[in-house]
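Written out below as structure tokens is the structure these notes cover.
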Amino acid sequence: MEPLITRLWEGSTRAADADRYLEYLHSTGLRDYQRAPGNQGVLALRGVAGDRADFLLLTFWDSEAAIRGFAGEPIERARFYPEDEAFLIRRQETVRHLDLVHHAALRLR
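Here the sequence shown is numbered in the numbering used here, starting from 1 and rising by one per residue.
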């Protein structure tokens, strides 16, 4: 069995916009990830320090073909939405892809 491919992207908003950006993510990227064929899950992480909020999105994919179906070519290019510019003060234009080589179930509270 081939390992899942983890796709990592980072961006930042003003701390004051962090909650609104997360709500926006739920209605755009996070929703679209979950609906994409070949996507096996998504994690969104946020850290707020001072006047900046950093976001790290990790998505898990069956194959490069599945990523290509979602992101297009080249698959290393990040996918953005028109309203992103209203929130993001820093954004990675490219993503990283890493093989998921181990996982344990999260015990969410």
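We put the beta carbon where it would ideally sit given N, CA and C, even for glycine. Treat the numbers as computed from the prediction; the structure is a model and nothing was measured.
Where residue i falls: helix, strand or coil (DSSP)
{"i": "I75", "result": "coil"}
{"i": "H103", "result": "coil"}
{"i": "L98", "result": "strand"}
{"i": "R109", "result": "coil"}
{"i": "L8", "result": "strand"}
Expected contact under 8 Å - CB spacing of residue i and residue j to nearest Å
{"i": "A114", "j": "A53", "result": "This structure cannot settle anything about residue 114, because the visible part of the chain is limited to 1 through 109."}
{"i": "V95", "j": "E76", "result": "6 Å"}
{"i": "L8", "j": "L58", "result": "6 Å"}
{"i": "A44", "j": "L30", "result": "6 Å"}
{"i": "T6", "j": "H97", "result": "7 Å"}
Proximal residues to residue i (C-beta, below 6 Å), its chain only, five neighbours per side dropped
{"i": "E55", "result": "According to the sequence as given, residue 55 is Phe; it is not Glu. Taken in chain order, the residues that qualify are G11, R46."}
{"i": "G41", "result": "F60"}
For residue i, the residue or residues it bridges with in DSSP
{"i": "T13", "result": "A53, L88"}
{"i": "A44", "result": "L57"}
Other residues of its chain near residue i: CB distance less than 8 Å, five sequence neighbours each side excluded
{"i": "G38", "result": "W61, D62, S63, A65, A66, I67, G69, F70"}
{"i": "H26", "result": "none"}
{"i": "L4", "result": "Q40, F60, W61, D62, D99, L100"}
{"i": "G72", "result": "R79"}
{"i": "Q92", "result": "W9, E10, G11, A78"}
CB contact check: residue i to chain D, cutoff 8 Å
{"i": "V95", "result": "Here there is only one protein chain, and chain D is not present."}
Nonlocal neighbours in the same chain, by C-beta distance under 7 Å from residue i, ignoring five residues either side
{"i": "E83", "result": "Y24"}
{"i": "R90", "result": "G11, S12"}
Residue i: CB within 7 Å of a non-hydrogen atom of the ligand NAD
{"i": "A104", "result": "No copy of the ligand NAD appears in this structure; indeed no ligand is present at all."}
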